[in-house]
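Student: The numbers in my numbering rise by one with no breaks, and the one at position 25 of the sequence shown is 25.
Each residue gets a CB set at the ideal place from its N, CA and C atoms; glycine is no exception.
Please find one structure pasted underneath; my questions will follow.
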Amino acid sequence: MARRKRGNPVNGWVILDKPSGVTSTHAVAAVRRVFDAQKAGHAGTLDPLATGILPIALGEATKTVPFVMDASKEYTFEVTWGEERTTDDLEGTVCGTSDVRPDVDAIKAVLPQFQGVITQIPPIFSAVKVQGQRAYDLARKEVPVELSPREVRIDFFELVEALDADHALFRVGSGKGAYMRSLARDIARAAGTLGHISMLRRHRVGPFLEADAISLDSLKALEHSPAAFEHLLPVETALDGIPALTLAGAEANKLRCGQSVPVFRALDLDRFGDLREGDLMYAVSGGSPVAIGRIDGGCICPMRVLNL
């Protein structure tokens, strides 16, 4: 006999405004307790030092996490000039110093190097795997870590303000997998000095904005209260930007069973609009999402079935 899952089948997204000093794993566990949910996960780790948007998926929403992970993000961060640290942020130990303090002109002169598709080496204290182990685990054991450069996309990188000689505030929009700590480290080097992040805040993850967010303390105060569910967004919120397609009951049932549904017959042309071979979409029936799929061989082929 299968063991009954602990908790309740709660499905949806909670947009947490994570406080500094809390790990993403701890934040997920706290949200899961508030809702007594069976399953939970997050869409993009925030470092303990960082604050801001941490989208947390409950129940069937965990199946949509990859679509949020791939989404663009926006941050502000502060760089402290003159010190490079082992973690590339305030939490590490100083591993290099410089007396150079770049002025506004020097900072703006190097910003174009870090926009568009760029090559970036992740921080050694990161979750990147090296021969099956997390880089941060090896770094904590003082095992030498060499990480390969990778391409990331930086949509914009702006100097907001030179706060004083030792600090500057930046605003960044990026694609998947870009490390802000690496960006801070590398712009400091490009400007002829050393530096590290001393403040980091994430303002947006895909469709999730600060306006959607609730603080961890506020959410904890609602533990086991019906009022907590006012902060639970629908599963399909994560699929913003992916076309939705309404299906009849029989078609939806086929998708629920993992079966493909033929499309592109003459009678389907109006209903399927601009969808083409290879396009990603999600199916809706009775107002609820049924499955995320792709158009392949003239059929909707389910990739993730949503049991809602």
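For a test of the three-state rule: what should DSSP assign to Phe125, helix, strand or coil?
Tutor: In the structure shown, Phe125 sits in coil (DSSP, three-state: anything other than H, G, I, E or B).
Student: From Thr64 to Leu239, what does the alpha carbon distance come to, in whole angstroms?
Tutor: Distance between the alpha carbons of Thr64 and Leu239 is about 7 Å.
Student: Tell me where the alpha helix (DSSP H) around Asp217 begins and ends.
Tutor: Its alpha helix (DSSP H) spans residues 216–220.
Student: Taking the C-alpha atoms as reference points, what is the distance between Ile154 and Ile121?
Tutor: Approximately 14 Å between the Cα atoms of the pair.
Student: DSSP has Lys18 in a bridge; who is on the other side?
Tutor: Its beta-bridge partners are Gly52.
Student: Please classify Lys18 as buried or exposed, where buried requires at least 16 other C-beta atoms within 10 Å of its C-beta.
Tutor: Classification of Lys18: buried, given that the 10 Å Cβ count is 16 or more.
Student: Using only the alpha-carbon positions, how far apart do Gly59 and Arg181 sit?
Tutor: C-alpha separation (whole angstroms): 32 Å.
Student: Confirm, please, whether the CB-CB distance from Leu90 to Leu54 is below 8 Å.
Tutor: No, the pair does not count as a contact, with Cβ atoms beyond the cut-off.
Student: How many whole angstroms separate the CB atoms of Leu232 and Gly12, which I take to be in contact at a CB cut-off of 8 Å?
Tutor: 4 Å between Cβ atoms; contact.
Student: Is Ala190 closer than 8 Å to Gln113 when the C-beta atoms are compared?
Tutor: A contact, by the Cβ cut-off of 8 Å.
Student: Output the distance between the C-alpha atoms of Gln259 and His203, rounded to the nearest integer angstrom.
Tutor: Distance between the alpha carbons of Gln259 and His203: 39 Å.
Student: On the DSSP bridge list, what partners appear for Ile187?
Tutor: Its beta-bridge partners do not exist; DSSP assigns none.
Student: Going by DSSP in three states, Gln115 sits in which element: helix, strand or coil?
Tutor: Coil at Gln115, not helix or strand.
Student: In the DSSP assignment, the beta strand (DSSP E) including Gly293 goes from what residue to what residue?
Tutor: Counting along the chain, the beta strand (DSSP E) containing Gly293 begins and ends at 288–296.
Student: Between the alpha carbons of Ala250 and Ser288, how many angstroms are there, rounded?
Tutor: Rounded to whole angstroms, Ala250 to Ser288 spans 15 Å at the Cα level.
Student: Let me know the secondary structure DSSP gives Arg304 once reduced to three states.
Tutor: Strand, per DSSP.
Student: Output needed for Thr51: all residues of its chain with C-beta closer than 8 Å, excluding positions within five of it in sequence on either side, in chain order.
Tutor: Closer than 8 Å at the Cβ level, and outside the excluded window around Thr51, lie Asp17, Lys18, Pro19, Ser20, Leu200, Arg201, Arg202.
Student: Once the 5 residues before and after Glu277 are set aside, which same chain residues still bring their CB inside 6 Å of it?
Tutor: Ile295.
Student: Based on the DSSP output, what are the partners of Ala227 in its beta bridges?
Tutor: Paired residue(s): none; Ala227 is not in a bridge.
Student: Using only the alpha-carbon positions, how far apart do Pro123 and Glu84 sit?
Tutor: When rounded, the distance between both Cα atoms is 12 Å.
Student: Looking at the strands, I want to know which residues DSSP matches up with Pro262.
Tutor: Looking at the DSSP assignment, Pro262 forms a beta bridge with Cys299.
Student: Mind listing, in chain order, the continuous beta strand (DSSP E) runs of no fewer than 3 residues lying wholly within the segment 21–89?
Tutor: Qualifying beta strand (DSSP E) stretches, in chain order: 40–42, 51–58, 73–81, 83–85.
Student: So which of His167, Thr119, Asp103 has the shortest CA-CA distance to Leu147?
Tutor: Cα-wise, what sits closest to Leu147 is Thr119.
Student: For Tyr282, write down the residues that DSSP places opposite it in a beta bridge.
Tutor: BP columns for Tyr282 point to Ala244, Ile292.
Student: Decide if Leu219 is buried, meaning its Cβ has at least 16 other Cβ atoms within 10 Å, or exposed.
Tutor: Label assigned to Leu219: buried.
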